[in-house]
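Residue numbers for the sequence shown follow full-length UniProt numbering, so the first one is 1 and each next one is one higher. We put the CB at the ideal spot given by N, CA and C, even for glycine. These numbers come from a predicted model, not from an experiment.
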Amino acid sequence: MSRDRALLERALDRGEQDGGNVEFKERLSRDVHLEGGRRESLAAQLRHRLLSGDGEATYVVGVTDDGGLAGIDPATFSETMDVLSLLAEEADAHIDDVQTWGIEDGLVGVAQICEGGVLETDDEHIVVGTAGHVDHGKSTLVGSLVTGNPDDGDGATRAYLDVQPHEVERGLSADLSYAVYGFDEEGPVHVRNPNRKADRAAVVQEADRLVSFVDTVGHEPWLRTTIRGLVGQKLDYGMLVVAADDGPTRTTREHLGVLLATDLPTIVAITKTDIVDEERIEEVEREVERLLREVDKSPLRVARHGVDAAVEEISERVVPIVETSAITMDGLDTLDELFDRLPKTAQDTGEFRMYVDRSYSVTGVGAVASGTVMSGEVEPGDELLLGPMPDGRFQEVEVRSIEMHYHRVDKAQAGRIVGIALKGVKESAIERGMVLLPRDADPDPVREFEAEVMVLNHPTRIGDGYEPVVHLETIGEAAAFHPENGRLLPGDTGETTVRFKFRPYLIEEGQKFVFREGRSKGVGTVTKVHPME
């Protein structure tokens, strides 16, 4: 017997022993189990299972009534999960987790169902993007904020965010990470164990106000990923970290430049204050102030002026500075108060739109597109367009379900970082940079556009045919520049035509972007688009 099958047999044995809260089903179909009185009858049966199991029930699908292994094909399994989800909603419950096993005749799955319907979301949710040099303590600071626990000096709380094995082993983030905590009337609502998705979901359910972090990458080779995190998410605030022992670096300046390009209100957190003396902290703070003034920003020391002043004055121009230590937890109460009180800045205007940042496939659910909702809202059952595909067309899809930080939600609004399960498309067809729109939208794919750009750094001049990577929303694509005046020098602002090298995307006038090639970089604004014919 295979290891997977042995695990499944043990799960079935436990189910038979538990008895009252376990139900065996071979399959569920919309045509049979949601018609007539079957829906109400099955929902009542599910409520009985929940009562028997103190609010939890287990449904084993792909098996016979007596627990024998039958197996069903993936399409049938997916439909079964859809029907079970609808029955759970009818019973004021939700599917909390699904495990699957492959056997000779198809799939067998065990679904855990818990009391409590899907979460209703509100506007009390801000999204913060982190930036800063490698080893300056971004992930560690965020880990201590969301757990309320001090770090051990070796980056223990960072492990809650670094999701790849090689990241944990090396202590370096190589992709975007996400974290969440919240607030209620009594103060911060922390994640007990961020490695358990149920604990993160509990914060989403319990808190009155949520703070989501998009934790970016500090190592220079992954600057592209950092830009994606700061440009491609609908952020409310930026948090630039500067280590007290190291001070501002070239990477600090680069990340600050990206934050400036997005016009994002930003907080500077000076980290690792526990390992240096007061004189060094003061020296680094003055360096940070000089750096901010060089780019026409007004620094505001929160320790001197107070949290009230920081909340009232933070803007595209005024930048609060907070001294912190993830080991002693100094300054984290100040950040807590700021994040609890800061207003949401990202505006919700227009119809639903979400640029895809990642895609993945979940057994029993299918293709999932994740990203930040840029505008509007979306609900399960909504019919959408996904694209453009490489040939410029858009594909019709339907929203199967929506999750936010591992909790099923009834809708997703602007600013939410969510995963949207889609019907009508394979995961392999979903690419970063695509967009989800209402089905009645009439989008025009764009291969070429005009822009006003500013060259921040370049060793010589930018001439006709210059090919940097353009970062716009979640798009990261090579493009050819054709400056109006033939060339652009460092510090120049000018008009240029930009043409994506490989495929079209959906872009609009007014969108901001960052372009870079090696250490050369600049910022721009789309002024006119040329839709494909």
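Less than 7 Å between C-beta atoms, sequence neighbours within five positions excluded: which residues of the same chain meet that for residue i?
i    : result
R499 : R447, E448, A479 and A480
L427 : The sequence shown places Glu at residue 427, rather than the Leu named in the question. Cβ neighbours of E427 beyond the five flanking positions: S359, Y360, S361 and A367.
L34  : V83 and L86
V302 : A310, P320, I321, V322 and T334
K272 : G137, A243, A244, D245 and S325
Y181 : L145, V146, P188, V189, H190, V191, V203 and V211
Using the beta-carbon count (16 or more within 10 Å), is residue i buried or exposed?
i    : result
E206 : exposed
D336 : buried
F515 : buried
H530 : exposed
K138 : buried
M532 : exposed
T64  : exposed
N21  : buried
A44  : exposed
V32  : exposed
R439 : exposed
R192 : exposed
E254 : buried
P380 : buried
D122 : Confidence at D122 is low in this model, with a pLDDT of 49, below 50, so its placement is unreliable and the value that follows should be read with caution. So D122 ends up on the exposed side.
R408 : buried
E185 : exposed
A57  : buried
If you draw a straight line from the C-alpha of residue i to the C-alpha of residue j, how long is it?
i           : j    : result
E283        : A269 : 15 Å
E473        : A441 : 19 Å
L69         : D199 : 32 Å
K521        : R290 : 22 Å
I475        : G486 : 26 Å
Y59         : Q112 : 7 Å
G109        : V98  : 7 Å
G424        : L384 : 10 Å
L46         : A88  : 7 Å
R286        : L300 : 11 Å
S212        : V418 : 11 Å
P294        : T249 : One point to set straight first is that residue 294 is Glu, not Pro, in the sequence displayed. One C-alpha to the other measures close to 15 Å.
residue 534 : L51  : A question about residue 534 goes unanswered here, because the residues of the chain that appear run from 1 up to 533.
V204        : G331 : 24 Å
G129        : L342 : 14 Å
V453        : D340 : 36 Å
E450        : P483 : 10 Å
L422        : A369 : 7 Å
V214        : G37  : 46 Å
A414        : E313 : 24 Å
G463        : V288 : 34 Å
V378        : K411 : 5 Å
R432        : V258 : 20 Å
T147        : E104 : 43 Å
D175        : D296 : With a pLDDT of 37 at D175, under the threshold of 50, the modelled position of that residue is not reliable, and no figure is offered here.
E23         : L42  : 11 Å
H48         : P74  : 28 Å
V134        : T252 : 9 Å
G350        : G376 : 6 Å
G465        : T496 : 11 Å
R304        : D154 : 31 Å
Our contact map puts residue i next to residue j with C-beta atoms below 8 Å; I'd like the distance itself, whole angstroms only.
i    : j    : result
E509 : T527 : 6 Å
G71  : G62  : 5 Å
L437 : F352 : 7 Å
G132 : L264 : Contact doesn't hold; Cβ gap of about 14 Å is too wide.
A93  : E79  : About 19 Å; that fails the 8 Å criterion.
V356 : I430 : 6 Å
Give me, in chain order, the residues of the same chain whose beta-carbon lies closer than 8 Å to that of residue i; leave out the 5 immediate sequence neighbours on both sides.
i    : result
G387 : R393, F394, Q395, M434, V435, P443, P445 and L506
S298 : L292, R317, V318 and V319
P165 : Any answer about P165 is weak, because its pLDDT of 34 lies below 50 and its placement is not dependable; what the coordinates show is given next. So no residue of the chain qualifies.
E40  : E90
M329 : S144 and P150
G518 : none
Below 6 Å CB to CB, which residues in the same chain sit around residue i once its five sequence neighbours on both sides are set aside?
i    : result
D382 : V399
D151 : T140, S144, T157, A326 and I327
K344 : I126 and D236
R416 : V373 and M404
R461 : R487 and L489
P390 : R503
D274 : S325, I327 and T328
Would residue i pass as an interface residue toward chain D - the criterion being a Cβ-Cβ separation below 8 Å?
i    : result
L332 : This model lacks chain D altogether, as it is built from one protein chain only.
I'd like the ranges of any alpha helix (DSSP H) spanning at least 4 consecutive residues and lying wholly in the region 237–270. 250–261
To test your reading of the DSSP string, which unbroken beta strand (DSSP E) runs of 3 or more residues are found completely within the region 461–526? 469–472, 475–483, 493–500 and 512–517
At 3 residues or longer, what runs of the beta strand (DSSP E) sit wholly inside the region 391–415? 395–404
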